[in-house]
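A.B. asks: Below you will find the structure I want to go over with you.
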Amino acid sequence: MNEKISNEEGRKKEINQLRIEIQDYISSSDTVIFSKTTCEKCTKVPSHIHFMFINVELIYVFLTDSGRILEEELYEYTMETALPNVFVKEKLIGGYDHIIQLSKDGLFQKLLEEKEDKPQEDTYDFDLIVIGGGSGGLAASKEAAKLGKKVLVLDYVAPSPLGTKWGLGGTCVNVGCIPKKLMHQAALLRQALKDSHKYGWQIEDDVEHKWEIMTKSIQSHIRSLNWNYRVTLIENEVEYENGFGEFVDAHKIKSTNPKGRVKYYTGKTFLIATGERPRYLDIPGAQEYCITSDDLFSLAYCPGKTLVVGASYVALECAGFLAGLGLDVTVMVRSILLRGFDQDVASKIGEHMEEHGVKFIKECVPTKVEQIEAGAPGKLKVTSQSADGTEIVEEYNTVLLAIGRDACTRKIGLDIPGVKINEKTGKIPVNDEEQTSVPYIYAIGDVLENKIELTPVAIQAGRLLAQRLYGGSTVKCDYVNVPTTVFTPLEYGACGLSEENAITKYGEENIEVYHSFFWPLEWTVPDRDNNKCYAKVICHIKDKERVVGFHVLSPNAGEITQGFAVAIKCGLTKEQLDSTIGIHPVCAEIFTTLTVTKRSGEDIVQSGC
Ligand code: FAD
Ligand code: NA7
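With the UniProt record's numbering applied, the sequence shown covers 1 to 609.
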């Protein structure tokens, strides 16, 4: 075992050494080519460049074991699938086709002639410049500063089309997790008030909710968090500027503050943590009359009768708490609920929301939003088109768009240092060390391609990155089995694979699904929502029935899921679940007594505790 660990450690060290060597090679000359003697294009490129009387540092990747590792690491570094890789002034230019085209257009020489604007390493203003002071950016910057580095964080909030803006801390604290969970709590309190009758509390049935008081309290809490962030940056000696950051040169950033004042800074290393902003529908009236989650949590007035467009977690959470506060809420669904989540659970969430008064218009999209009456809230006429061609026209006070979010990567000059983005999505591909296609530029959080968009993920990735860059660590962020919770009225906690993904990955015959409905004791006295809560574990039969998917619909689902996520990380099996003694009477004990498999088709309705 120890030998295995020391082998792994040895390999990590070898790879780290190799990465340092690659970086040294890249900076060893203005033009550096990684090449192979066995490939025709590889051999053509150096001679072509020599032909232009340009000096080249030629690095041969030999067909030895270490050569193969070097090639693999180069791939991780550049994300180019084949050699040769040509670097000019430390910037990846590309392979054979790029070079030939550039030289045909006379642009290759131009690249070399470009004024060297890169300051000497020891004259950079900062060791690390972080663009974006949200969950990920703040975590990384504080960690880097603690490790003795000179760090600058730029954070700038572009106002929403409605003019909403906020303070330091990014999406989670200002317009995401924090206000969302607090509004969810406000809605749960209404349910608790209803339940309280049967527990003897003599409360009027028509208790009034004041939106303005709720938002004021929540906003005041958020302001205290904004302030705390500011203080911790000062305590950690991180320089902070309220400025919009964009690259103006390979190692130089321009920062424009809200008043338009411009400053320039140079950095040795950069971190992009600019997050995402809500997308708008491309239909008449969307920008003028609709709001998004960016506006909702600080809306100065109660939104009234609301149409929520979209069916992913942001849409359903907002629809859930608005309905829970007693508003008339409709969700317009283009295709399915909660794409990417376990669909069996998603449909149970939809049913529960419907039973609690949320209306759903399925397979339908809005085509036009018109203002009938201005006001707070005003009145809007929404025209929509169903998949079957039917036109639906309905009036609402508020239309909330929750149709996805776009990465903030297109206006920050990423093309200048040459950071590759996915042109379609705007997302940034990175290797397993959050390194972009430009070796000294890293990215974390919601801007990343194919990574989970959650606050703790951004924070973990940011901290670990700083520790690897400046603390000699080799620990990478583990993006597998990340637990999450959807805060719909009936909360949904999940960790690992959905049933669909488990079937795709292992085959239906190789997974066993254990499941059950359950009834929280607290709900029995008010006699509500019997057999709505649901527990499901998905096990990989051939791997000792290891739990590969965990799903729970329950009050406090997040609290439950967090604990089980640790067990899953430790390799939890069904047998271990069965041998664990439950805590009675709590919801989570159901996971220690699951016996019915989905395959058996047996009844899972529970009749008591
Ligand atoms: P952000 O936190 O978005 O920070 C990016 C920052 O960079 C922002 O302040 C932005 O204004 C700034 N910025 C952008 N461009 C520039 C620039 N050029 N110069 C300077 N600054 C710039 N996650 C959870 O884990 N749990 C939840 O319950 C949860 N609920 C959510 C609810 C909603 C409604 C939303 C929208 C998101 C929710 N999330 C939740 C997701 C979570 O908020 C994000 O995953 C997280 O904030 C991502 O962190 P980040 O650092 O990548 O980006
Ligand atoms: P998601 O997860 O990208 O989901 C978008 C939802 O909106 C989804 O239900 C889509 O339906 C729907 N959608 C997308 N485009 C349209 C249009 N044009 N018309 C109607 N409906 C549409 O976005 P979220 O906002 O929920 O969350 C994004 C991130 O924010 C999340 O990962 C967190 O980090 C916070 P579809 O299934 O595609 O038919």
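A virtual CB, placed ideally from N, CA and C, is assigned to each residue, including glycine.
Any chance the CB of Ile349 is under 7 Å from a heavy atom of the ligand NA7?
C.D. replies: Ile349 Cβ: outside cutoff for every heavy atom of the ligand NA7.
A.B. asks: I need the residues with a C-beta less than 6 Å from some heavy atom of the ligand NA7; please give them in chain order.
C.D. replies: Those residues are Leu281, Val309, Gly310, Ala311, Ser312, Tyr313, Val314, Ala315, Arg334, Ser335, Ile336, Arg339, Val365, Ala402, Ile403, Gly404, Arg405, Asp446 and Glu453, given in chain order.
A.B. asks: Consider the C-beta atom of Val192 and the heavy atoms of the ligand FAD; say whether any pair is separated by less than 7 Å.
C.D. replies: The residue you asked about is not Val; residue 192 is Ala in the sequence shown. Not so, every heavy atom of the ligand FAD lies at least 7 Å from the Cβ.
A.B. asks: Do you know offhand how far Gly134's Cα is from Gly275's?
C.D. replies: Rounded to the nearest angstrom, the two C-alpha atoms are 8 Å apart.
A.B. asks: Look up Gln385 in the DSSP assignment and say whether it is helix, strand or coil.
C.D. replies: Note: Gln385 maps to strand in three-state DSSP.
A.B. asks: What residues are listed by DSSP as bridge partners for Ala535?
C.D. replies: Answer by DSSP bridge pairing, in chain order: Ser516 and Val552.
A.B. asks: Hey, would you say the C-beta of Ile131 is under 7 Å away from at least one heavy atom of the ligand FAD?
C.D. replies: Within the cutoff, so yes.
A.B. asks: If you draw a straight line from the alpha carbon of His540 to that of Ile511, how long is it in whole angstroms?
C.D. replies: Looking at the two C-alpha atoms, the distance is approximately 5 Å.
A.B. asks: Roughly how many angstroms lie between the CA atoms of Leu594 and Arg546, to the nearest whole one?
C.D. replies: For Leu594 and Arg546, the distance between alpha carbons rounds to 14 Å.
A.B. asks: Ile5 by DSSP, collapsed to three states: which one?
C.D. replies: With a pLDDT of 48 at Ile5, under the threshold of 50, the modelled position of this residue cannot be trusted; read the value that follows with caution. Ile5 falls in the helix class under three-state DSSP.
A.B. asks: In terms of residues, what are the limits of the beta strand (DSSP E) holding Ser255?
C.D. replies: First-last of the beta strand (DSSP E) with Ser255: Lys252 to Thr256.
A.B. asks: What are the start and end residues of each continuous alpha helix (DSSP H) run of 4 or more residues lying completely inside the stretch 130-205, in chain order?
C.D. replies: Qualifying alpha helix (DSSP H) stretches, in chain order: 135-146, 170-175 and 177-196.
A.B. asks: Can you look up Ser437 in the DSSP assignment and give me helix, strand or coil?
C.D. replies: Ser437: coil per DSSP, three-state reduction.
A.B. asks: Beta carbon of Thr266, beta carbon of Tyr492: below 8 Å?
C.D. replies: No. Outside cutoff.
A.B. asks: What residues in its chain sit with their C-beta under 7 Å from that of Leu162, if we drop five residues either side in the sequence?
C.D. replies: Closer than 7 Å at the Cβ level, and outside the excluded window around Leu162, lie Ile291 and Asp295.
A.B. asks: Cα separation between Leu601 and Cys177?
C.D. replies: Per the sequence presented here, residue 601 reads as Gly, with Leu not at that position. The straight-line gap from Cα to Cα measures roughly 38 Å.
A.B. asks: Between which two residues does the alpha helix (DSSP H) containing Arg463 stretch?
C.D. replies: Thr455 to Tyr470 is the extent of the alpha helix (DSSP H) around Arg463.
A.B. asks: Taking Cβ positions, are Lys149 and Tyr470 nearer each other than 8 Å?
C.D. replies: Yes; because the gap between Cβ atoms is below 8 Å, this pair is in contact.
A.B. asks: If you follow the alpha helix (DSSP H) that Cys318 is part of, which residue opens it and which one closes it?
C.D. replies: That run of the alpha helix (DSSP H) goes Tyr313 to Gly324.
A.B. asks: Let's see if you can read the secondary structure: which residues bound the alpha helix (DSSP H) around Thr504?
C.D. replies: Here the alpha helix (DSSP H) through Thr504 covers Glu499 to Tyr506.
A.B. asks: Please go through the stretch 223-253 and give each complete beta strand (DSSP E) segment of 3 or more residues, from N-terminal end onward.
C.D. replies: Here the runs fully enclosed are 239-241 and 244-249.
A.B. asks: If you measure from the CB of Cys172, is any heavy atom of the ligand FAD nearer than 7 Å?
C.D. replies: Answer for Cys172: yes, Cβ within range of the ligand FAD.
A.B. asks: Contact between the stretch 152-159 and the stretch 191-209: three or more CB pairs below 8 Å?
C.D. replies: Too few Cβ pairs lie closer than 8 Å, so no.
A.B. asks: Does the Cβ of Pro483 have 16 or more other Cβ atoms within 10 Å, making it buried, or fewer, making it exposed?
C.D. replies: So Pro483 counts as buried.
A.B. asks: Under 8 Å, do Lys574 and Val537 count as touching if we go by C-beta distance?
C.D. replies: Their beta carbons are under 8 Å apart, which means Lys574 touches Val537 by this criterion.
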